Amino acid sequence: MFIYLDWLFNKFNKYRQSIGLSFFFGGLPIVYFFRDGLKLAPGSTAFTAGMAIVSLLIAFPLNPKKLYQANTIGYLMCTLYGLMALLYLATYSPNRGWFTNTPIEIGNQLVFLMAMFIFAGISINNLKSTFLYFTLIFCTIGGISLLYYIARNPAYMFGMRAAISFGDEGGMSSMGNPHIYAKSAYIGIVAGVLLLRNEKRLLWRIATMGSVGILIIVVGLCQAMAMIIVTGAFFFLYFISNIKAKNIYKILKWLTGWQGFIILLVLVYIGFSIWNSSQYKEYFFFVTDIITDRLGKILTSFFTDSDTISRVKATVDDSASTRVINITKVFTNLDRNIEKNNWFPVFFGHGYQDYYVDSPFIEMFHDLGIVGFLIFAVLHLVILKWIWKEIFNPTCDFTLMVAYFFLATFIQNFTMGMPYDYGRWSAMAFVARFALSYKKVPIQSTASA
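Okay, so the sequence shown: first residue is -19 according to my numbering, each after it adds one.
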């Protein structure tokens, strides 16, 4: 028995950094399933934060004095933000006590700075061979836990946005945040698709494709349009970055073979069954209505001016319309400050968590001023420049995964939440840590791994 325990401990120690970081970024749905789905700690933010900290500590480098090179500008911007956030928390927090919980926010920033230190102490060689596997495993478990929850929840109806309720007794009145589950599913999809590039083992390929299929279903059920757009962008970029005459020939040859003929028959059969079954046809049109309705709401919110927002409020997605109103108020306030020559809030902002905009880029400009906005913008420009090169000329599957991973955070930085949470900044710091020019090594097949 001790032999097996020793073997298990050695394996865990060997892969612990991949396990810890993959759970930190992709395992949040599992945390919410245990917290609220199984009622172990309903609505407890301490439980969520504790699990995040534990997953980071699992990846803590054994030799913390040895730090690896990171993207200098990217890591500098992350450090400047962390210091600026702590300074503003101490001296410039206008909503302290009722909206800004100072101890929690200090913890937020300290977790982020700790994550930066841990990332800097981890070598890419410790992650590139196993990080994608553990990410896919945790994301798939999280997706399955969500599907299990909504299948067992009598209050859930098809067409509702899938998420685990926050501390509710099985009802949907306190429905959770579907973006959490959709983002985890997106990360898992990226990991799965990239693993299929070089995976030769049949059973592993089947399991990986099954996991990707489950996670695509999760993204659809969550109806988080930002993640749906990002998922579509990922498949588009992955397709155009891998277009080669040889690949096109292989695809055409495969489709014109017996496999393609079988797929065609299956698709024809499914289409015929849907068209002739009133029940399936009803589901098909219902799903179509949901998709068109969601797209219509988003387009309406973006192309409706502030004078007519109130008239279309009933038909526009609440979060999207509120975001437009908040952004309008931010720029109205900016015009007022400029007219009054009140330049301090223009350059240094109105203070930590002064106004919730639901658009991190705009809120960063309002709260931390031009200085904070430039830190945020420069970080994004540096990372996006590296991502563009990496997508079309990848170093390895891990760095390509990191590049696609950032797309989700990038979109959410325009459309969702506040710019201060440790998860958002840890994701950006993680990308900045590995946004380097690496010496390429030949890709080894996993057939004998």
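Quick reminder that beta carbons are idealized off the backbone N, C-alpha and C, glycines included. Please read these numbers as outputs of a predicted model, since none were measured by experiment.
With DSSP run on the structure shown, which of helix, strand or coil describes residue 137? The residue labelled residue 137 in the question sits at position 157 within the sequence shown. In this structure, residue 137 counts as coil in the three-state DSSP scheme.
I want to know whether the segment 6 to 25 touches the segment 61 to 71 - three or more CB-CB distances under 8 Å. no
Just the Cα atoms here: how many angstroms apart are residue 292 and residue 301? On the sequence shown, position 312 is the one that residue 292 refers to. On the sequence shown, position 321 is the one that residue 301 refers to. Because the pLDDT of residue 292 is 41, which lies under 50, any placement of that residue in the model is unreliable, and the question is left without a value.
Can you give me the Cβ contacts of residue 72 inside the same chain, cut-off strictly under 7 Å, excluding the 5 residues immediately before and after it? The residue labelled residue 72 in the question sits at position 92 within the sequence shown. Here the set comprises 331 and 332.
Per the contact definition of three or more C-beta pairs closer than 8 Å, is the segment 83 to 103 in contact with the segment 37 to 50? yes
Which term fits residue 418, buried or exposed, when burial requires 16 or more other beta carbons within 10 angstroms of its beta carbon? As a position in the sequence shown, residue 418 is number 438, starting the count at 1. Under this definition residue 418 is an exposed residue.
Would the beta-carbon of residue 82 fall within 8 Å of that of residue 69? The residue you call residue 82 lines up with position 102 of the sequence shown. The residue you call residue 69 lines up with position 89 of the sequence shown. Yes, these two residues count as a Cβ contact at 8 Å.
With DSSP as the reference, label residue 181 as helix, strand or coil. The residue given as residue 181 occupies position 201 in the sequence shown. Coil at residue 181, not helix or strand.
How many Å lie between residue 287 and residue 339 at the Cα? Against the sequence shown, residue 287 aligns to sequence position 307. Against the sequence shown, residue 339 aligns to sequence position 359. Its pLDDT being 45, under 50, residue 287 is placed unreliably by the model, and nothing is read from it.
How about residue 54 and residue 383: do their beta carbons lie closer than 8 Å? Counting from one through the sequence shown, the residue named residue 54 turns up at place 74. Counting from one through the sequence shown, the residue named residue 383 turns up at place 403. No, the Cβ-Cβ distance between residue 54 and residue 383 is not below 8 Å.
For residue 308: DSSP bridge partner residues: Numbered from 1 along the sequence shown, position 328 holds the residue referred to as residue 308. In DSSP, residue 308 forms no bridge with anything.
Would you mind working out which of 329, 14 and 309 sits nearest residue 74, comparing C-alpha positions? As a working mapping, residue 74 is identified with position 94 in the sequence shown. Ranking the options by Cα distance to residue 74, first place goes to 329.
Please state if the CB of residue -2 and the CB of residue 118 are separated by a distance shorter than 8 Å. Your numbering for residue 118 matches position 138 in the sequence shown. Your numbering for residue -2 matches position 18 in the sequence shown. No.
Among the candidates 334, 350, 342 and 304, whose CA atom is the shortest distance from the CA of residue 323? Locating residue 323 in the sequence shown gives position 343, where the first residue counts as 1. It is 350 whose Cα lies nearest to the Cα of residue 323.
Roughly how many whole angstroms lie between the Cα atoms of residue 284 and residue 240? Sequence index remark: in the sequence shown, residue 284 carries index 304 (1-based). Sequence index remark: in the sequence shown, residue 240 carries index 260 (1-based). In this prediction, residue 284 scores a pLDDT of 48, lower than 50, which makes its location untrustworthy; no coordinate-derived value is stated.
Are residue 391 and residue 57 closer than 8 Å when you measure CB to CB? Within the sequence shown, the letter at position 411 stands for residue 391. Within the sequence shown, the letter at position 77 stands for residue 57. No, they are not a contact pair.
What's the gap between the Cα of residue 5 and the Cα of residue 348? The sequence position of residue 5 within the sequence shown is 25, counting from 1. The sequence position of residue 348 within the sequence shown is 368, counting from 1. Rounded to whole angstroms, residue 5 to residue 348 spans 26 Å at the Cα level.
Determine contact between the segment 156 to 167 and the segment 203 to 212, defined as no fewer than three beta-carbon pairs at a distance below 8 Å. yes
In its own chain, which residues sit with a C-beta less than 7 Å from the C-beta of residue 11, not counting the 5 before and 5 after it? For the purposes of this step, residue 11 is taken as residue 31 along the sequence shown, with counting starting at 1. Here the set comprises 28 and 31.
Looking at residue 304: is its Cβ nearer than 8 Å to the Cβ of residue 314? Along the sequence shown, one-based indexing puts residue 304 at 324. Along the sequence shown, one-based indexing puts residue 314 at 334. No, the Cβ-Cβ distance between residue 304 and residue 314 is not below 8 Å.
If we call anything under 8 Å between Cβ atoms a contact, is residue 479 one with residue 116? Any answer about residue 479 is impossible in this case: the structure gives the chain only from -19 up to 429.
May I ask you to list the residues that DSSP assigns as paired with residue 76? Within the sequence shown, residue 76 is the residue found at index 96, counting from 1. Answer by DSSP bridge pairing, in chain order: 80.
Does the segment 119 to 138 touch the segment 187 to 199, meaning 3 or more C-beta pairs lie closer than 8 Å? yes
Is the Cβ of residue 18 closer than 8 Å to any Cβ of chain B? Absent here is chain B; the protein component of the structure consists of one chain.
Between the alpha carbons of residue 373 and residue 393, how many angstroms are there, rounded? The sequence position of residue 373 within the sequence shown is 393, counting from 1. The sequence position of residue 393 within the sequence shown is 413, counting from 1. Between residue 373 and residue 393, the C-alpha separation is close to 26 Å.
From residue 127 to residue 158, what distance separates their C-alpha atoms? Here residue 127 refers to the residue found at position 147 when the sequence shown is read from its first residue. Here residue 158 refers to the residue found at position 178 when the sequence shown is read from its first residue. Each residue's alpha carbon lies about 12 Å from the other.
Residue 16: which of 133, -7, 245 and 358 sits nearest, CA to CA? Locating residue 16 in the sequence shown gives position 36, counting from the first residue. Of the listed residues, the one whose Cα sits closest to residue 16 is 133.
Please tell me whether residue 214 and residue 387 are closer than 8 Å, where the distance is taken between their beta carbons. Locating residue 214 in the sequence shown gives position 234, where the first residue counts as 1. Locating residue 387 in the sequence shown gives position 407, where the first residue counts as 1. Yes, Cβ-Cβ distance for residue 214 and residue 387 is below 8 Å.
Beta-carbon proximity check, residue 367 vs residue 412, cutoff 8 Å: Translated into positions along the sequence shown, residue 367 becomes position 387. Translated into positions along the sequence shown, residue 412 becomes position 432. No.
Might you give, ordered along the chain, the residues of its own chain that have their beta carbon closer than 8 Å to the beta carbon of residue 318, omitting 5 neighbours on each side? Reading the sequence shown from its first residue, position 338 is the one you call residue 318. These residues qualify, in order along the chain: 326.
Work out the CA separation of residue 145 and residue 139 for me, nearest whole Å. Here residue 139 corresponds to residue number 159 of the sequence shown, with the count starting at 1. Here residue 145 corresponds to residue number 165 of the sequence shown, with the count starting at 1. Distance between the alpha carbons of residue 139 and residue 145: 16 Å.
Could you have a look at residue 161 and say whether DSSP puts it in helix, strand or coil? As a first step, residue 161 must be located in the sequence shown, where it is residue number 181. Reduced to three states, the DSSP call for residue 161 is helix.
Do you know whose CA, among 0, 113 and 89, lies nearest residue 173's CA? For the purposes of this step, residue 173 is taken as the residue at position 193 of the sequence shown. Closest by alpha carbon: 113.
Do you know whose CA, among 91, 108 and 167, lies nearest residue 8's CA? Stepping through the sequence shown from its first residue, residue 8 is reached at position 28. Of the listed residues, the one whose Cα sits closest to residue 8 is 167.
Same chain only: Cβ atoms within 6 Å of residue 295, ignoring 5 sequence neighbours per side: In the sequence shown, counting from the first residue as 1, residue 295 sits at position 315. Residue placement at residue 295 cannot be trusted, given a pLDDT of 41 that sits under 50; what the coordinates show is reported in the next sentence. Taken in chain order, the list of residues that qualify is empty.
Do residue 346 and residue 358 have their CB atoms nearer than 8 Å? Reading the sequence shown from its first residue, position 366 is the one you call residue 346. Reading the sequence shown from its first residue, position 378 is the one you call residue 358. It is not a contact, given that the beta carbons lie outside the stated cut-off.
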